[in-house]
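A.B. asks: For the record, the sequence lines run as chains E and B. In this text, residue positions in the first sequence follow numbering that gives the first Met the number 0: the first is 0, and each later residue adds one. In this text, residue positions in the second sequence follow numbering that gives the first Met the number 0: the first is 0, and each later residue adds one. My questions will all concern the structure given below.
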Amino acid sequence: MSLSDEDVRRMARLARLALDDGEVTRFGDELGRILAFVDALRVAVLEEAPAALSGPWARTPFLRDDRVEEAGHPELYQAQAPESRDGYYLVPRVIEP
Amino acid sequence: MWDTVIGLEVHVQLLTESKLFSPTSTRFGAPPNTQAGLVDLGFPGTLPVPNRAAVRMAVAFGLAVGGRIAVRSRFARKSYFYPDLPKGYQISQYDEPIVVGGAIAIGVGEGVKTVPLVRAHLEEDAGKSLHDLYPGRTALDLNRAGIPLLEIVSSPSLASPEEAVAYLKELHTLVCYLGICDGNMQEGSLRCDANVSLRPSPEAPLGTRTEIKNLNSFRFLEQALTYEIRRQAEVLEAGGTVAQETRLYDPDRRETRPMRSKEEAEDYRYFPDPDLLPLVVDETLRAEAQAMLPELPRARAERFVRAYGLEPYAAGVLTSSRPLADYYEAVASAVSGKGKDSARTAAHWVMGDLLGALNRQGIGIEACPLAPTRLAALVLRVEDGTLSGPKAKEVFEALWAGTEEVDALIERLGARQINDREALLELVDRILDAHPRQRQDYLAGKDKLLGFFVGQAVKASGGRANPQELGALFRERLGR
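In structure tokens form, the structure reads like this:
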């Protein structure tokens with residue numbers, strides 16, 4: 000299975016990555032090899048097997064009771080943010096006001 | 000003329016204490032980011048754990064609208080590249096929602112129309128972005144990130160802005176009744192996106208639709224749809240085609256404007272969230288949801304018509320919120336059986352003077368200072384003829400303002416209606432003597448003057464004389 004340059008550019012755009020032409024070729028090649036590797040799974044017989052992502056759902060999943068048990072600690076968390084002010088996290092402006 | 004097709008997606012903020020996947024508070028109006036915890040901020044290594052109450056509320060909604068409750072549903076990640084959800088995705092439900100189908104009945108003109116629902120699913124809300132606080136920066140308040148939402152998707156079967164508003168109102172009443180939403184639209188507890196398209200006839204295939212985002216009031220919904228329908232009609236009539244796009248409504252200019260084109264369709268890359276097991280609604284949870292269901296508004300309105308003899312309109316008003324219906328029912332049950340119209344008189348007082356007084360003071364029925372039993376006492380005095388209309392209003396004002404009981408107020412204000420025949424006859428004669436010309440005119444055929452005589456007599460009695468009795472006595476005295 001191979002990927003076209005267009006596939007690679009589309010994935011890059013979705014991942015918000017800027018690739019130059021050389022990188023498009025390089026990643027196309029690398030991704031193509033990963034897909035070829037994964038392609039080996041196609042020989043597996045899956046009809047009888049449970050869906051992989053459904054997990055061990057034979058047991059009822061845990062649901063939390065509706066209680067507030069964690070306070071926000073803005074000063075602690077914001078110490079780790081690149082930029083914050085007056086309690087707000089600041090990021091590059093995403094749209095024009 | 001065009002056939003209009005509207006579908007609504009409504010986001011209902013569920014009334015939980017804590018968030019959908021984290022134990023931080025959902026309280027409105029806290030200082031920025033004081034209610035954003037580790038899971039909400041998308042810290043590495045944290046894991047979401049679903050809130051049982053939010054799931055129960057979604058199930059209760061599904062039961063109330065007669066939808067199918069999925070025993071097993073699934074959370075999915077919706078890729079999303081805005082900083083108001085720091086994880087880089089929103090946890091939502093995609094191919095396996097918790098509620099499928101169901102319907103909501105809305106009043107249309109004199110009739111009832113059933114609006115089928117497509118689905119309702121659970122998802123987390125995003126934080127709030129403020130773009131104009133700091134130059135060149137977007138400020139983030141993530142308190143809202145992770146608050147549970149129930150997204151309710153109607154089928155495209157609403158035919159006009161009026162029907163869309165009726166549907167949204169019905170949905171608003173329902174979620175408030177169920178106690179799963181506070182219904183506060185100013186605070187964004189109920190938000191609506193509208194899909195609208197036109198086609199030449201009801202048989203034609205659906206036209207290209209536009210989506211109008213974030214309509215947070217009934218009025219804006221109606222205005223935005225009215226504008227958008229006219230805009231699309233103009234495009235089509237000029238031979239153009241409607242572009243599939245998302246639009247925003249600008250209430251100041253009363254128009255919709257394109258927000259982003261759907262040609263560059265968002266690719267959300269949904270996939271099952273590997274951090275979360277499938278959601279299982281077992282018998283226990285379903286029974287808990289069932290136990291939450293109150294008598295629903297439409298059923299309650301119908302019962303009010305049957306049991307209390309109300310007009311459908313009055314029953315609709317009185318069941319428009321659960322606290323109001325509870326209040327009315329408390330008054331009605333205290334007076335019913337005492338007087339033939341007592342439950343209807345009660346409805347008249349609750350809808351008229353009581354709601355008027357509440358409005359004047361800007362308080363809701365939940366905080367009504369006048370206990371239903373005290374209003375019931377007033378209704379009984381109207382019913383048994385102790386109070387006339389104007390005097391009852393006077394007593395109501397005093398009752399509202401103070402703590403005195405009705406009978407004591409009637410004595411203190413001298414408000415007791417005069418029903419005594421002798422006393423009334425004396426009054427009748429006095430009025431006739433004072434107005435000989437009008438008496439002549441009445442006898443000559445000017446029937447309308449009866450109202451004048453009654454009015455004069457009521458006035459002379461300080462509003463206490465019984466007007467019905469007076470009318471009869473005037474006719475008796477005048478011989479016609």
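Here a beta-carbon is modelled for each residue, glycine too, at the ideal position from N, C-alpha and C.
Please report the residue range of the alpha helix (DSSP H) in which I409(B) lies.
C.D. replies: Within the second sequence, numbered from 1, the residue matching residue 409(B) stands at position 410. Counting along the chain, the alpha helix (DSSP H) containing I409(B) begins and ends at V405 to R411.
A.B. asks: Which chain B residues sit within Cβ distance under 9 Å of P91(E)?
C.D. replies: Position 92 of the first sequence, counted from the start, is the residue given in the question as residue 91(E). Those within 9 Å of P91(E) in chain B are P82, G135, R136 and T137.
A.B. asks: Please decide whether G71(E) counts as near chain B, where near means a Cβ-Cβ distance under 8 Å.
C.D. replies: What you label residue 71(E) is simply residue 72 of the first sequence in a count that begins at 1. So, interface residue.
A.B. asks: Looking at L224(B) and V9(B), is the spacing between their C-beta atoms short of 8 Å?
C.D. replies: Against the second sequence, residue 9(B) aligns to sequence position 10. Against the second sequence, residue 224(B) aligns to sequence position 225. No, the Cβ-Cβ distance between V9(B) and L224(B) is not below 8 Å.
A.B. asks: Just checking: is the beta-carbon of T255(B) within a distance shorter than 8 Å of some beta-carbon in chain E?
C.D. replies: Within the second sequence, residue 255(B) is the residue found at index 256, counting from 1. No, its Cβ sits nowhere closer than 8 Å to a Cβ of chain E.
A.B. asks: Given a limit of 7 Å on CB to CB distance, which residues of the segment 18-40 of chain E reach chain B?
C.D. replies: Here the close residues number zero.
A.B. asks: Given that a residue counts as buried once 16 or more other Cβ atoms are within 10 Å of its Cβ, and exposed if not, what is L309(B)?
C.D. replies: By 1-based counting over the second sequence, the position of residue 309(B) is 310. Buried.
A.B. asks: When the distance is taken between beta carbons, is G71(E) closer than 8 Å to N50(B)?
C.D. replies: Residue 50(B) sits at position 51 when you count from the first residue of the second sequence. Residue 71(E) sits at position 72 when you count from the first residue of the first sequence. Not closer than 8 Å, so no.
A.B. asks: What residues from chain B crowd round E68(E), counting only those whose CB sits closer than 7 Å?
C.D. replies: In the first sequence, counting from the first residue as 1, residue 68(E) sits at position 69. Those within 7 Å of E68(E) in chain B are P22.
A.B. asks: Taking CB distances under 8 Å as the criterion, tell me whether S91(B) reaches chain E.
C.D. replies: On the second sequence, position 92 is the one that residue 91(B) refers to. No, S91(B) does not count as interfacial toward chain E.
A.B. asks: Using only the alpha-carbon positions, how far apart do F42(B) and P96(B) sit?
C.D. replies: Sequence index remark: in the second sequence, residue 42(B) carries index 43 (1-based). Sequence index remark: in the second sequence, residue 96(B) carries index 97 (1-based). Approximately 27 Å, taken between the alpha carbons.
A.B. asks: Assign G61(B) to one of two classes, buried (16 or more other C-beta atoms within 10 Å of its C-beta) or exposed (fewer than that).
C.D. replies: Translated into the one-based positions of the second sequence, residue 61(B) becomes position 62. When all chains shown are included, G61(B) counts as buried.
A.B. asks: At a CB distance below 8 Å, what residues from the segment 192-215 of chain B approach chain E? Give them in sequence order.
C.D. replies: From the segment 192-215 of chain B, no residue has a Cβ closer than 8 Å to chain E.
A.B. asks: Which residues does DSSP pair with P115(B) in a beta bridge?
C.D. replies: Stepping through the second sequence from its first residue, residue 115(B) is reached at position 116. In the DSSP output, where bridge partners are listed per residue, P115(B) has A102(B).
A.B. asks: Residue range of the alpha helix (DSSP H) that T3(B) falls in?
C.D. replies: As a first step, residue 3(B) is located in the second sequence; it is residue number 4 there, counting from the start. Here T3(B) belongs to no alpha helix (DSSP H); instead the beta strand (DSSP E) covers D2 to Q12.
A.B. asks: Can you tell me the Cα-Cα spacing of G108(B) and A414(B), whole angstroms?
C.D. replies: Here residue 108(B) corresponds to residue number 109 of the second sequence, with the count starting at 1. Here residue 414(B) corresponds to residue number 415 of the second sequence, with the count starting at 1. Going by the C-alpha atoms only, they are around 43 Å apart.
A.B. asks: By the DSSP assignment, the alpha helix (DSSP H) with K18(B) in it spans what residues?
C.D. replies: Along the second sequence, one-based indexing puts residue 18(B) at 19. First-last for K18(B): undefined, no H or E at that position.
A.B. asks: Work out the CA separation of G6(B) and K261(B) for me, nearest whole Å.
C.D. replies: Against the second sequence, residue 261(B) aligns to sequence position 262. Against the second sequence, residue 6(B) aligns to sequence position 7. At K261(B) the pLDDT is 46, less than 50, meaning the model places this residue with poor confidence; the figure from the coordinates comes in the next sentence. In a straight line, the C-alpha of K261(B) is about 18 Å away from that of G6(B).
A.B. asks: Mind checking who K447(B) pairs with in its DSSP beta bridge?
C.D. replies: Residue numbering aside, residue 447(B) sits at position 448 when the second sequence is read from its first letter. K447(B) is not bridged to any residue.
A.B. asks: Can you check whether the CB of L295(B) is closer than 8 Å to the CB of L173(B)?
C.D. replies: Taking the first residue of the second sequence as 1, we reach residue 173(B) at position 174. Taking the first residue of the second sequence as 1, we reach residue 295(B) at position 296. Yes, these two residues count as a Cβ contact at 8 Å.
A.B. asks: For L132(B) and Q185(B), what's the separation of their Cα atoms in angstroms?
C.D. replies: As a working note, residue 132(B) is residue 133 in the second sequence. As a working note, residue 185(B) is residue 186 in the second sequence. Roughly 21 Å between the two C-alpha positions.
A.B. asks: Hey, which unbroken runs of the alpha helix (DSSP H) at 4 residues or more fall wholly within the segment 365-441 of chain B?
C.D. replies: 371-382, 388-400, 405-411 and 420-433, all fully within the segment 365-441 of chain B.
A.B. asks: So what's G315(B) in DSSP terms, helix, strand or just coil?
C.D. replies: Mapped onto the second sequence, residue 315(B) falls at position 316. G315(B) falls in the helix class under three-state DSSP.
A.B. asks: Tell me whether T402(B) is buried or exposed, calling it buried when 16 or more other Cβ atoms sit within 10 Å of its Cβ.
C.D. replies: As a position in the second sequence, residue 402(B) is number 403, starting the count at 1. Classification of T402(B): exposed, given that the 10 Å Cβ count is below 16.
A.B. asks: Is the segment 387-394 of chain B touching the segment 457-466 of chain B in the sense that three or more CB pairs, one from each, lie closer than 8 Å?
C.D. replies: Verdict: yes, contact present.
A.B. asks: Once DSSP output is grouped into helix, strand and coil, what is the label at T25(B)?
C.D. replies: If you number the second sequence from 1, residue 25(B) lands on position 26. If DSSP states are grouped into helix, strand and coil, T25(B) belongs with coil.
A.B. asks: Under 8 Å Cβ-Cβ, which residues of chain E neighbour T33(B)?
C.D. replies: As a first step, residue 33(B) is located in the second sequence; it is residue number 34 there, counting from the start. Near T33(B) (Cβ distances below 8 Å), the residues of chain E are A70, G71, P73 and G86.
A.B. asks: Quick one: list the residues of chain B neighbouring R8(E), beta-carbon separation under 9 Å, in chain order.
C.D. replies: The residue given as residue 8(E) occupies position 9 in the first sequence. The premise fails here: R8(E) is roughly 13 Å from chain B at the closest Cβ pair, so nothing lies under 9 Å.
A.B. asks: What residue range is occupied by the uninterrupted beta strand (DSSP E) comprising Y248(B)?
C.D. replies: Your numbering for residue 248(B) matches position 249 in the second sequence. Residues E244 to D249.
A.B. asks: Just checking my contact of P160(B) with D2(B) at CB under 8 Å: how many whole Å lie between their CB atoms?
C.D. replies: For the purposes of this step, residue 160(B) is taken as residue 161 along the second sequence, with counting starting at 1. For the purposes of this step, residue 2(B) is taken as residue 3 along the second sequence, with counting starting at 1. The pair is not a contact, with the Cβ atoms about 14 Å apart (cut-off 8 Å).
A.B. asks: Start and end of the beta strand (DSSP E) containing Y87(E)?
C.D. replies: Working through the first sequence from its first residue, we reach residue 87(E) at position 88. Run containing Y87(E): Y87 to P91, per the beta strand (DSSP E) assignment.
A.B. asks: Can you list the residues of chain E that T15(B) reaches, using a CB-CB cut of under 9 Å?
C.D. replies: What you label residue 15(B) is simply residue 16 of the second sequence in a count that begins at 1. Here the neighbours are D65.
A.B. asks: According to DSSP, is D140(B) helix, strand or coil?
C.D. replies: In the second sequence, the residue the question calls residue 140(B) occupies position 141. Of the three classes helix, strand and coil, the one that applies to D140(B) here is strand, per DSSP.
A.B. asks: Around the Cβ of S341(B), are there at least 16 other Cβ atoms within 10 angstroms (buried) or fewer (exposed)?
C.D. replies: Within the second sequence, numbered from 1, the residue matching residue 341(B) stands at position 342. Answer is buried; the Cβ neighbour count reaches 16.
A.B. asks: According to a CB-to-CB cut-off of less than 7 Å, which residues of the segment 49-63 of chain B neighbour chain E?
C.D. replies: Correct list: P49, N50, R51, A52 and V54.
A.B. asks: Out of curiosity, what's the CA-to-CA distance linking V90(E) and Y248(B)?
C.D. replies: Taking the first sequence and counting its residues from 1, the one referred to as residue 90(E) is at position 91. Taking the second sequence and counting its residues from 1, the one referred to as residue 248(B) is at position 249. So the alpha carbons of these two residues sit roughly 26 Å apart.
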